[in-house]
Amino acid sequence: MEINAPQSTDRATLGKPHARIDGPAKVCGTAEFPGDVHPEHMAYGVLVTSPMARGRIVRMDTTAALQGAGVLDILTWRNVGNAVAPIGHMMADGWANSTLRPLASPEIHYAGQIVAVVIAETLEQAQAAAHAIRTGYEAAPHVGERGDPGANAVPLATLREGFEDPHVGDFAAAYATAATTVDARYSTPIQHHNAIELPTTTSVWDGDTLTVYEPTRFVGAARNGLAAQLGIDPAKVRVVAHFIGGHFGSKLALSQHTVLGAIAARRLQRPVQIVVSRADGFTIANHRTETQHAIRLGADADGRFVALSHTAEVATSRFDTFAMEGTDVTTALYACPNIASAERVARVDRNTPGPMRAPPEVPYLFALESAVDELAHALRIDPVELRRRNDTLKNPVTGDPFTTRPLMRCFDAGAAAFGWAARSAEPGATRDGAWLVGHGCAAAARPVKIGAAIVRVTQTADGAVHVETAHHEIGNGLYTLLAMTASERLNVPVGKVRVDLGDTALPAAGISGGSATSTTLVNALAEACRQLLAQPAGADRSVEVAFTPPGSEPSTIDNLRKGHLKLASTPKDKLAWTFGAHFVEIGVHADTREVRIRRHVGAFAAGRILNPLTARSQLLGGMIWGQSAALLEETIVDPRTGAYLNRDLAEYLVPTAADVGAMTAILLEDDDPAVNPEGVKGLGEIGIIGVNAAVANAVFNATGRRVRNLPIRLETLA
Ligand code: MOS
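Take the sequence shown: its letter number 308 is residue 308 in our numbering, and every next letter is one higher.
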């Protein structure tokens with residue numbers, strides 16, 4: 001689909017606000033999301049999923065369902081079996097968000113596992129037939145959550161070759177002699193992404209060529225993974241996703257439903273669409289694992305950290321080893337000569353978790369930034385001042401320097417805008433009518449990541465520019481950003497730039513994740529524009545540039561074309577991070593204990609800001625998700641069945657407009673020529689990090705209650 005800004009005759013300038021060029025298409029409903037595709041003669045698929053966590057199917061009767069009106073086919077393990085070849089996990093040089101082969105056997109590994117797919121002429125007929133399938137299960141004992149008997153946590157190092165827990169100095173000795181210490185445990189719950197757009201897949205065969213319309217954040221991985229699952233040439237598979245209605249870390253190619261849609265379409269010789277229900281989306285997509293943290297933090301009498309220990313435990317599935325560690329950040333954020341850490345992974349009978357909204361930093365900094373606040377209170381030192389005393393220009397574990405270190409500038413700008421100086425340090429001292437009022441702050445920090453991409457730029461003699469790359473628009477404003485970049489660098493009106501994204505027919509690009517999109521794509525496109533300008537003007541000209549981060553392996557572009565991508569941190573031997581500081585004013589009702597966010601200021605330093613309009617929008621979105629993670633979001637596991645109980649947006653709570661108070665996002669200068677040629681750091685996720693701790697710290701300031709387990713709800717404070 002073609003996206004351009006026909007009205008605009010201005011040349012865009014990076015760093016100046018620019019409205020989204022795809023805004024009109026989205027507002028008018030002409031933007032084509034993958035699920036909007038309805039090829040002629042399309043049939044509808046509905047998933048049937050396991051209600052229990054572990055065991056096997058002992059009986060499945062599809063006779064009545066197959067006789068239902070309009071029913072065309074039912075896929076089960078009996079007719080799929082070995083049809084799907086095994087593929088690896090995306091984080092381990094594969095393409096899948098789960099290595100469990102769909103419909104391979106009657107064995108059940110988690111609640112929500114697909115046990116059948118019903119295909120019918122209409123969605124309603126497929127749903128009715130799904131209900132008519134009679135299935136008998138034999139249940140086996142299951143482990144529902146991290147911490148349950150049988151979860152048997154092991155060191156991450158035993159699951160991941162080469163992983164070493166960060167440590168330096170002698171923690172135990174330094175902690176034993178510290179003047180003031182904090183020793184506390186924190187936990188965060190299971191959470192689910194719940195993007196507005198559900199997972200969908202629409203498969204269309206034309207002879208032996210397959211086209212799949214699917215909101216995936218890595219079309220290249222979906223293409224190559226699907227080809228491997230089906231045993232066909234990747235050149236025969238095309239994956240299209242012009243727009244994605246949010247992923248927040250889900251839609252990590254490939255999920256279990258996609259290949260089943262392709263198999264159904266091949267059996268029926270007609271297009272098949274599967275729109276996953278909200279409830280099944282909880283297990284088709286991955287989720288944020290529950291986490292637990294033990295922090296011990298010791299300081300001298302002046303508040304200088306002398307000892308820090310962080311032991312963290314997460315959960316993963318039985319059949320995958322996926323885990324994302326966060327102690328690399330918590331052990332590097334502040335100066336401290338004696339540091340110990342340990343990452344542990346428990347195994348549960350649930351589907352494999354995945355990345356979600358700044359995966360490690362959100363839970364890990366909740367623990368560290370809560371502990372820093374506890375220490376500040378114990379020392380009677382202002383929490384901003386305590387962080388200033390422990391600011392560092394280098395990683396205390398490795399000695400590597402930060403490329404820039406604007407953390408305290410974030411705190412100072414945020415504190416000034418918030419009016420932090422007027423805060424009372426005494427818990428429970430501030431009242432506004434029936435409301436106890438509290439103020440809290442916390443740091444945000446995240447390593448910058450960058451990937452590889454191939455970008456093609458073509459300019460015709462009339463000056464019109466065409467940018468093509470198989471990256472994705474996930475609501476982050478990539479169409480706009482690439483049009484702005486080409487407009488500025490080629491000195492043409494932004495309305496003369498057409499951008500094509502989200503299609504494996506375009507030059508290969510990587511995953512929309514890790515806050516690496518603008519960092520990767522703007523550097524790649526800027527390089528392509530430089531090369532284009534080196535060609536003679538006035539005639540048609542075109543370049544295709546394969547951009548790789550400095551220090552990349554020679555195989556990087558080959559791997560990109562195969563749908564594999566590892567994000568990298570550059571430069572080597574330096575820490576390039578984005579930073580932020582959150583300031584939150586909270587109200588806790590004295591009688592009902594209702595918790596309300598009244599004000600929230602976030603100040604961020606994230607390299608060169610390319611489009612302040614979409615940047616601020618993204619940061620505000622992140623801040624709201626942070627409030628949500630602190631006060632609302634939690635997925636409950638039913639201990640009887642191991643299934644998620646609150647699999648809908650009525651009982652899985654997310655914030656509405658009425659939940660969000662006054663919000664300010666401040667963007668600070670962060671000129672970092674060392675990070676990459678364009679000085680771009682990416683800010684997709686920095687907005688959410690640390691908000692949960694700032695909220696919990698504000699709740700303590702309001703009430704004197706230290707809440708160490710999220711979310712913080714009315715009943716928590718009763
Ligand atoms: Mo992010 S949850 O790595 O897309």
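Where is the CB? At the ideal position from N, CA and C, for every residue including glycine. Since the structure is predicted, the reported quantities are computational estimates derived from the model, not experimental observations.
In the structure shown, D412 adopts helical secondary structure according to DSSP, grouped into three states. Within a 10 Å sphere around the beta-carbon of D648 sit fewer than 16 other beta-carbons, which makes this residue exposed. Residue burial annotation: V154 is exposed, with fewer than 16 other C-beta atoms found within 10 angstroms of its C-beta.
Beta bridge pairing from DSSP links F402 with L575. A direct Cα-Cα distance of roughly 21 Å separates F243 from G451.
By the beta-carbon neighbour count (other beta carbons within 10 angstroms, threshold 16), C410 is buried.
In terms of Cα proximity to N692, the closest of A581, F604, L610, G679 is A581.
Boundaries cannot be given for E161, as no alpha helix (DSSP H) includes it and DSSP labels it neither H nor E. Between the alpha carbons of T578 and A195 lies a distance of about 25 Å.
Relative to the ligand MOS, the beta carbon of A358 is positioned inside 8 Å of a heavy atom. A425 and I666 have their C-alpha atoms some 24 Å from each other.
A direct Cα-Cα distance of roughly 12 Å separates R20 from A615.
The Cβ atoms of N559 and N676 do not sit closer than 9 Å to each other. The ligand MOS never approaches E161 closely enough for any of its heavy atoms to be under 8 Å from the residue's Cβ. Within the same chain, and ignoring the five residues on either side of E651 in sequence, the residues whose Cβ sits closer than 8 Å to its Cβ are L645. In this structure, P355 has its CB closer than 8 Å to one or more heavy atoms of the ligand MOS. Across the set P34, G682, I133, the C-alpha of I133 shows the shortest separation from the C-alpha of T63. With fewer than 16 neighbouring CB atoms inside 10 Å of its own CB, P86 falls in the exposed class.
In this structure, the CA atom of A483 is about 46 Å from the CA atom of A130. Under the three-state reduction of DSSP output, R431 falls in the strand class. For E374, there is no enclosing beta strand (DSSP E); the enclosing alpha helix (DSSP H) covers residues 361-379.
As the crow flies, the alpha-carbon of N286 is around 21 Å from that of I624. For a cut-off of 8 Å, the C-beta gap from T458 to S542 is around 4 Å, short enough to register as a contact.
By the CB criterion at 9 Å, R387 and V372 fall inside the cutoff.
Distances from the alpha-carbon of G642 to those of I586, L632, V348, G207 put V348 closest. Here the region 474-482 makes no contact with the region 549-567; the two share fewer than three CB pairs at distances below 8 Å.
A distance below 6 Å between beta-carbons, with the five flanking residues on each side excluded, links A227 to the following residues of its chain, in chain order: P234, V237.
G45 and F33 have their C-alpha atoms roughly 18 Å apart. Cβ-Cβ separation between M356 and H193: approximately 6 Å, consistent with a contact (criterion under 8 Å).
With respect to the 9 Å criterion, A120 and V71 are classified as neighbours on the basis of their beta carbons. Only residues of its own chain outside the window of five on either side were considered, and among them V48, S50 have a CB closer than 6 Å to the CB of V115, listed in chain order.
Bridge pairing for V58: absent [DSSP]. Placement of the Cβ of H247 at a distance of less than 8 Å from at least one heavy atom of the ligand MOS is found. At the C-beta level, L436 and E374 stay beyond 9 Å of one another. At a cut-off of 8 Å, the beta-carbon of E594 does not count as near the ligand MOS: no heavy atom of the ligand is closer than that. Closest by C-alpha distance to R288, out of R304, G354, G514, is G354.
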